[in-house]
Structures are given as C-alpha cells and as structure tokens.
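2 protein chains.
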Amino acid sequence: MTHTVVVASGGLDSTAAMALHAAAGDHLTAVTINYGQRHIREIAAARAVAGHYDADHVVVDLPDLARVLTGSALTDPAVAVPHGHYAAPTMAATVVPNRNAILANVAVGIAVAIKADAVVVGIHVGDHPVYPDCRPEFIDALQVCVAAATAGYHTPRVDAPFVHWTKTAVARLAAKLGAPIELTWSCYEGGELHCGRCGTCVERREALELAGVADPTAYRPDDVKGRTHGHVLDR
Amino acid sequence: MTHTVVVASGGLDSTAAMALHAAAGDHLTAVTINYGQRHIREIAAARAVAGHYDADHVVVDLPDLARVLTGSALTDPAVAVPHGHYAAPTMAATVVPNRNAILANVAVGIAVAIKADAVVVGIHVGDHPVYPDCRPEFIDALQVCVAAATAGYHTPRVDAPFVHWTKTAVARLAAKLGAPIELTWSCYEGGELHCGRCGTCVERREALELAGVADPTAYRPDDVKGRTHGHVLDR
Numbered sequence: 001m002t003h004t005v006v007v008a009s010g011g012l013d014s015t016a017a018m019a020l021h022a023a024a025g026d027h028l029t030a031v032t033i034n035y036g037q038r039h040i041r042e043i044a045a046a047r048a049v050a051g052h053y054d055a056d057h058v059v060v061d062l063p064d065l066a067r068v069l070t071g072s073a074l075t076d077p078a079v080a081v082p083h084g085h086y087a088a089p090t091m092a093a094t095v096v097p098n099r100n101a102i103l104a105n106v107a108v109g110i111a112v113a114i115k116a117d118a119v120v121v122g123i124h125v126g127d128h129p130v131y132p133d134c135r136p137e138f139i140d141a142l143q144v145c146v147a148a149a150t151a152g153y154h155t156p157r158v159d160a161p162f163v164h165w166t167k168t169a170v171a172r173l174a175a176k177l178g179a180p181i182e183l184t185w186s187c188y189e190g191g192e193l194h195c196g197r198c199g200t201c202v203e204r205r206e207a208l209e210l211a212g213v214a215d216p217t218a219y220r221p222d223d224v225k226g227r228t229h230g231h232v233l234d235r
Numbered sequence: 236m237t238h239t240v241v242v243a244s245g246g247l248d249s250t251a252a253m254a255l256h257a258a259a260g261d262h263l264t265a266v267t268i269n270y271g272q273r274h275i276r277e278i279a280a281a282r283a284v285a286g287h288y289d290a291d292h293v294v295v296d297l298p299d300l301a302r303v304l305t306g307s308a309l310t311d312p313a314v315a316v317p318h319g320h321y322a323a324p325t326m327a328a329t330v331v332p333n334r335n336a337i338l339a340n341v342a343v344g345i346a347v348a349i350k351a352d353a354v355v356v357g358i359h360v361g362d363h364p365v366y367p368d369c370r371p372e373f374i375d376a377l378q379v380c381v382a383a384a385t386a387g388y389h390t391p392r393v394d395a396p397f398v399h400w401t402k403t404a405v406a407r408l409a410a411k412l413g414a415p416i417e418l419t420w421s422c423y424e425g426g427e428l429h430c431g432r433c434g435t436c437v438e439r440r441e442a443l444e445l446a447g448v449a450d451p452t453a454y455r456p457d458d459v460k461g462r463t464h465g466h467v468l469d470r
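Written out as structure tokens, the structure reads:
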C-alpha cells in the first residue's frame, strides 16, 4: 500500500490533499508543525481532520522557529495581520522567511524515517503571487534537493497535486470527495472564530463561493461587511 | 561589510569556516541548532567559538526533531554510536534523516530575516562517503531551492568552501589561521571528554595528526589504544 505523508496545516488545501489520497486508498500520515505561528488554532483543526481520515498524526513542536524567523505577521506579534485580498502585495507581510522549505524538509525527514513513499503539499495557484515557496519552481528544486540529500538511503517523492489548480478547483474537489470542510481552519489571526478579513479568510470564502460550495465557516459576528472586502476572482 | 551566517556545530570544520570568514573581515553570525542530538555538548563548544570570534550567536532550540527523525545513533538513545573509521559503512547508523537540509534551511530562514549575504557550511570530502547531504550535488540543489523559495525577497548565497577539501586540509587551514581548536567539540557520544573511538573522534584525531597539528583534545582516560583503532588515510 502506498504510504503518503501529507503536510497538514488544518486548512482547506491540505485537507483536500488528504481527501485525494484517502480516496486513492493510501495509508496516510499527517504531519503538522508548530512553528510558533499566531494561528496555533490550526493544529487542533489538523488533528480533527487527521482523525476524520483515520490517519496517523505527527505533531512536531518547534515553536522556537518563530523567535528566529522574524518579520512576518504570522510569527511576530509586532507585525499586524493584513486585511484584504490574498493575492495583494500587502500580503507580503505574511511571508515567513523560507518557511515552506523548512516545513517540507522536516516532513521529508519524517518520511525517510518511516519509509513513506511520498510527501504531499497542498499549495495551489492562488499562493503563487505572494509566496515564492509555493511555486512550481520551488517544488521542482525541492525534489532535486531531497533526492540529493537522501541518495543511497530512502528518497520519498515530493508531490504538489494542486500546484497548477485554482483554490476554487481545490474547493470543488474537496466538496466532491466529501472532505470535512467544517473541521478546517484557515484564519491567520489567533481567535476562536475565523476573522473573515485577513487574506486567507477572504480567499477561503471566495473559493467556496465560486465553487458553489456552502460555506460552513463561523465568522466573527463583527464581520458584518466581510463579504464585500475582497475582489472576487476565479483563483 | 559582508554579513555571513555560519552553521556552527562547535566542531573543527565549522570553526575553520568561522576562521576563514573572520580572516576575510566579515560580520559573522553563528547559527547552532539543538535538534535533540546526543552530543548536546557541541552547543557549548559553538558558543565558546562564537565568543572567540566576537560573532553574534543564534541558538535555535528544536529538540522535538530528535523524536521524529528516528533511527539514527545521534538522535535515538536506542541506537548505539558506532566505533571505527568515519568513512566506514557502519557509520550509516549516524545518518539523521534529511538532517542537513533541515538545519541549512533554518539557517537560510534566519539569513533571510537578518538580510545576511551568505550561509556557510563546513562540509568536506571526508563527509561524502556516508552522508549524501554533505556532497556537492546537495549543495548545488540547495542553492537552487533557496533561490526559488526566496525569489523576489532576499536570497542568501549558500557556500561550502571546503566541499572539495580533505579534513586534513581543513585542519591545516584552521591551525594556520589560529582557530581555537581547543574549544571545539567533535565527539558523537554525550560525555564530558571526547571518547576517541566514535567515527568523528577517529576522523578528528587522524586529520590533526596528518596535518601535523598538535592535538589539544582531552580524550577519555580509558581510551588507551585509541590511536590504533582507525585506518589513517589522507582524507
């Protein structure tokens, strides 16, 4: 049986990746990394999603990363989480230096240790404008790097099945596969409910709307004008 | 002034890299990562070496990595540290899955955050037989990956000045530059003194001997036959 490690953030995209590989009948291991992110709430969401799919769940506790990967709204309390559209230049404030290379390489190390066949990440086209470590060039380079770093031992494949998909397409697939969207968490803020205004909330809401999928998300009650905040694009 | 991040393990090789860039007049930041290694003693050594060079020293505390990067003598108390020559096949037990990709990418993330020009690692030819993540192919792939992951933000260069050097040559350079070899720590065991028998002790002793450098290392008193344990090769 194929053993697949999914880098699981508890969000919609990695949940769709779990749904995809669960549908294929893979043995699933979800890897979630606490890198000291503001939205630590996502770890509980990842646990719930992993439970839904009866996946093994490895949570790696590396909160000291946030102390040294400074300058991002996701790790630095001094930097505010920007509101607006996910693809806007202001979202550069949410870039954590070299984050995905660190997280993916930890997941690869785990995959080597447990002899898994592949490491899957849920990145998509909507991530590309702001996050260089979500683009196809990064995934291609990472695959070469993993092959070099593990040559002669065990080399897992690195897969990004949605790297050329819009988030709307990802949301459609998630719904089609019956993924537990209600268990997922996307918001960059640290609250109990989704804020509805940060980049990833705007993107999530837009993708579900464009996909024609009922949005089960509980947004903060003060977010009365949330739906008009972002541009609606098919991304 | 060039700002250089050195991945500093407290050992002879990274200390030589510090010496090289100190001689060049660079502003130095040493990055040392606690990944839960058995030989945690190396962190104190790295601190002493960083102090010698008046470098900034960033210690990143990620001990939970050892729990998930299993199967290596360096991270797993259930696996014994092998004795013998560093290049022997038995040393495969000291390979930590994808370790250098994780450590180097954390250092790169820090270099991006502090806008450093380069990240330097002290790997050399003696590392090649057993550790794929110390070979030139890995460094080349890592550089491409770092460029992709940081495109449009800040891309530090990845340098491995000794990747084609023998450890003997590294030891000669260290001595020539007056590096504080007596402050360094190489042993994979967790003791107070170098064991003299593990792969890296054998390699350190051999390199200093072949380089004609007085060995200031205090070895364990029970290691009466230490000098005859390894093959002596010019590596």
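Protein chains in written order, with the numbering used here: chain G, 1 to 235; chain U, 236 to 470. Virtual Cβ for every residue (Gly too), placed ideally from N, Cα, C.
Can you pull out the residues from the segment 34-65 of chain G whose beta carbon lies closer than 8 angstroms to at least one beta carbon of chain U? V58, V60, D61, L62, D64, L65
T32 of chain G burial status per 10 Å Cβ neighbour count (16 or more: buried): buried
So what does C433 of chain U bridge to, in DSSP terms? U:H318
Nearest-angstrom Cα separation, counted from Y86 of chain G out to V365 of chain U: 44 angstroms
Going by beta carbon distance, what residues of the same chain come within less than 7 angstroms of V59 of chain G, once the five residues before and after it are set aside? T32, N34, I43
Any idea which residues DSSP pairs D296 of chain U with across the strands? Bridge partners of D296 of chain U: U:N269.
Output the distance between the C-alpha atoms of G191 of chain G and C201 of chain G, rounded to the nearest integer angstrom. 12 angstroms
Would you verify that the beta carbon of Y153 of chain G is, or is not, closer than 8 angstroms to some beta carbon of chain U? At a cut-off of 8 angstroms between beta carbons, Y153 of chain G contacts chain U.
Whole angstroms are fine: how far does the CA of D127 of chain G sit from the CA of A92 of chain G? 11 angstroms
What would DSSP say about A179 of chain G, mapped onto helix, strand or coil? coil
Using a C-beta cutoff of 8 angstroms, does P82 of chain G count as contacting chain U? no
What residue does the beta strand (DSSP E) around D394 of chain U start on, and which one ends it? Residue range 392-394 is occupied by the beta strand (DSSP E) that includes D394 of chain U.
Of all Cβ atoms in chain U, is any one closer than 8 angstroms to the Cβ of E137 of chain G? yes
Would D457 of chain U be called buried (16 or more neighbouring beta carbons within 10 Å of its own) or exposed? exposed
Cutoff 8 angstroms; reference P77 of chain G; Cβ partners in own chain excluding five residues on either side: R38
For R172 of chain G, collect the residues of the same chain with a Cβ closer than 6 angstroms to its Cβ; drop the 5 residues on either side in sequence, then sort them by chain order. A211
Neighbourhood of H238 of chain U by C-beta, 6 angstroms cutoff - its chain only, sequence neighbours within 5 removed: H262, A351, D352
Please list the partners that D368 of chain U has in chain G, where partner means a Cβ-to-Cβ separation under 8 angstroms. A148, A149, T150
Let me know the secondary structure DSSP gives V120 of chain G once reduced to three states. strand
Under 8 angstroms between C-beta atoms, does P97 of chain G make it to chain U? Yes, its Cβ sits closer than 8 angstroms to a Cβ of chain U.
Is any beta-carbon of chain U found at less than 8 angstroms from that of A101 of chain G? Any Cβ of chain U closer than 8 angstroms to the Cβ of A101 of chain G would place that residue at the interface, and such an atom is present.
Give me whichever residues DSSP pairs with I219 of chain G in a beta bridge. It should be pointed out that residue 219 of chain G corresponds to Tyr in this sequence rather than to Ile. Looking at the DSSP assignment, Y219 of chain G forms a beta bridge with G:H194.
Short of 8 angstroms in beta carbon distance, which residues of its chain neighbour V79 of chain G, apart from the five on each side in sequence? Order them along the chain. G71, S72, A73, A93
Is L142 of chain G close to chain U? Criterion is C-beta to C-beta, closer than 8 angstroms. yes
Please confirm whether V6 of chain G has its beta-carbon closer than 8 angstroms to some beta-carbon of chain U. no
How close, in whole Å, do the beta carbons of L428 of chain U and A453 of chain U come, if the pair is a contact with beta carbons under 8 angstroms? 5 angstroms
In this structure, how does DSSP classify V341 of chain U when only helix, strand and coil are distinguished? For V341 of chain U, the secondary structure class from DSSP, reduced to helix, strand or coil, is helix.
Nearest to A111 of chain G by alpha carbon, out of U:P332, U:C433, U:I358? The candidate whose alpha carbon is nearest that of A111 of chain G is U:P332.
Which residues, taken in chain order from the segment 186-206 of chain G, show a beta carbon closer than 7 angstroms to some beta carbon of chain U? none
E203 of chain G vs C195 of chain G beta-carbon contact at 8 angstroms: No, the pair does not count as a contact, with Cβ atoms beyond the cut-off.
Compile a chain-ordered list of the residues in the segment 105-129 of chain G whose CB is closer than 7 angstroms to at least one CB of chain U. Result list: N105, V106, V108, G109, I110, V112, A113.
Proximal chain U residues relative to L69 of chain G, where beta-carbon distance stays under 9 angstroms: Per Cβ cutoff of 9 angstroms: V341, G344, I345, V347, A348.
Per DSSP, which one or two residues make a beta bridge with L28 of chain G? G:T4
Cα-Cα separation between A88 of chain G and A283 of chain U, rounded to whole angstroms: 45 angstroms
What is the residue span of the alpha helix (DSSP H) that V144 of chain G lies within? 136-149
Status (buried if at least 16 other CB within 10 Å, exposed otherwise) for D54 of chain G: exposed
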